[in-house]
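Trainee:
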Amino acid sequence: MAKNIEIKAHAVNFDQQQQTANLLSDTRAQILVQKDTFFNVGEGRLKLREFPDGPAQLIFYRRSNTAGPKLSDYHITESDDPEGLKTVLEKAYGIRQVVKKQRILYLVGRTRLHFDTVDSLGQFIELEVVLSQQDSIEGGQHEAQDLMSKLSIEPNHLVDVAYVDLLDGAA
0 MAKNIEIKAH AVNFDQQQQT ANLLSDTRAQ ILVQKDTFFN VGEGRLKLRE FPDGPAQLIF
60 YRRSNTAGPK LSDYHITESD DPEGLKTVLE KAYGIRQVVK KQRILYLVGR TRLHFDTVDS
120 LGQFIELEVV LSQQDSIEGG QHEAQDLMSK LSIEPNHLVD VAYVDLLDGA A
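Just so we're aligned: the sequence shown equals residues 0 to 170 in numbering that gives the first Met the number 0.
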């Protein structure tokens with residue numbers, strides 16, 4: 000499984016924080032429209048991520064529901080048949096919730112900065128520091144803390160659950 004250190008936060012000044020991300024970024028911003036269908040599973044989270052064009056992604060991940068930089072284990076596979084896959088997963092597990100968002104993606108070194116506008120929830124910022132096998136969790140947490148500081152993300156802005164949980168009313 001792949002690993003990253005991540006945080007999610009309410010965006011308190013979305014436009015200004017995005018301008019800062021643009022200055023920090025190694026690449027040009029990418030705009031993504033995503034529809035995540037979450038399925039009922041016993042542990043972790045399982046979602047089918049669909050895009051308006053291109054293959055869908057089936058993503059399973061585990062992470063603790065804590066605020067602040069935390070470890071996430073994840074596995075991703077692609078599918079050219081999202082409708083067929085969704086039908087099978089719905090019959091096997093049932094659909095928990097659907098999360099629709101527009102994401103603006105910036106890359107800062109090995110970190111993915113997401114500026115998300117989520118239907119029914121508002122604007123958020125996510126950081127994902129991608130770790131290699133040799134990278135330490137502590138190093139990834141330090142990198143996340145540094146970017147949080149540069150983006151003016153305070154501890155009280157942090158969200159300890161996933162968007163699906165916020166839509167379910169947990170928070």
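Glycine included, each C-beta is placed from N, C-alpha and C at the ideal position.
To which residues of the same chain is Ile152 closer than 6 Å at the C-beta, ignoring the five residues directly before and after it?
Mentor: Working through the sequence shown from its first residue, we reach residue 152 at position 153. Contacts found: Ala8.
Trainee: Which residues bound the beta strand (DSSP E) around Gly138?
Mentor: Taking the sequence shown and counting its residues from 1, one reaches residue 138 at position 139. Not the beta strand (DSSP E): Gly138 falls in the alpha helix (DSSP H), residues 136-149.
Trainee: Specify the secondary structure class of Gly171 as computed by DSSP and reduced to three states.
Mentor: Residue 171 is absent from the structure shown; the chain starts at 0 and stops at 170.
Trainee: Take every Cβ of the region 8-21, pair it with every Cβ of the region 72-91, and state whether three or more of those distances are shorter than 8 Å.
Mentor: No: the two stretches stay apart, fewer than three of their Cβ pairs being nearer than 8 Å.
Trainee: In whole angstroms, give me the CA-to-CA distance for Ala161 and Glu142.
Mentor: Within the sequence shown, residue 161 is the residue found at index 162, counting from 1. Within the sequence shown, residue 142 is the residue found at index 143, counting from 1. So the alpha carbons of these two residues sit roughly 21 Å apart.
Trainee: On the three-state DSSP scale, how would you describe Val160?
Mentor: The sequence position of residue 160 within the sequence shown is 161, counting from 1. If DSSP states are grouped into helix, strand and coil, Val160 belongs with coil.
Trainee: Going by DSSP in three states, Leu120 sits in which element: helix, strand or coil?
Mentor: Position 121 of the sequence shown holds residue 120. Three-state DSSP puts Leu120 in coil, outside helix and strand.
Trainee: Decide if the region 45-54 is in contact with the region 100-115; the criterion is three or more beta carbon pairs, one per stretch, under 8 Å apart.
Mentor: The region 45-54 is not in contact with the region 100-115.
Trainee: So what's Thr36 in DSSP terms, helix, strand or just coil?
Mentor: Mapped onto the sequence shown, residue 36 falls at position 37. Thr36: strand per DSSP, three-state reduction.
Trainee: Going by CA-CA distance only, name the one from Ser71, Gly41, Ala55 that's closest to Glu82.
Mentor: Here residue 82 refers to the residue found at position 83 when the sequence shown is read from its first residue. It is Ala55.
Trainee: Run the proximity test for Lys100: is its beta-carbon closer than 7 Å to any non-hydrogen atom belonging to the ligand SAH?
Mentor: For the ligand SAH, the structure offers nothing, since it holds no ligand at all.
Trainee: What are the complete beta strand (DSSP E) segments, minimum 3 residues, inside the region 46-99?
Mentor: With a minimum length of 3 residues, the continuous beta strand (DSSP E) runs that stay inside the region 46-99 are 55-62, 69-78.
Trainee: According to the neighbour-count rule (16 or more other Cβ atoms, all chains shown, within 10 Å of its Cβ), is Met0 buried or exposed?
Mentor: Taking the first residue of the sequence shown as 1, we reach residue 0 at position 1. That one is exposed.
Trainee: Apart from the five residues just before and just after Leu165, which ones in its own chain have a Cβ nearer than 6 Å to its Cβ?
Mentor: Residue 165 sits at position 166 when you count from the first residue of the sequence shown. So the list reads Leu120, once near-sequence residues are dropped.
Trainee: According to DSSP, is Ala170 helix, strand or coil?
Mentor: For the purposes of this step, residue 170 is identified with residue 171 of the sequence shown, where counting begins at 1. Low local confidence applies: a pLDDT of 49 at Ala170 is under 50, so the model's placement there is unreliable, and no value is given.
Trainee: For Asp14, which three-state DSSP category applies?
Mentor: Within the sequence shown, the letter at position 15 stands for residue 14. Of the three classes helix, strand and coil, the one that applies to Asp14 here is helix, per DSSP.
Trainee: Per DSSP, which residues does Gln132 bridge with? Please list them.
Mentor: Taking the first residue of the sequence shown as 1, we reach residue 132 at position 133. According to DSSP, which records beta bridges pairwise, Gln132 is partnered with nothing at all.
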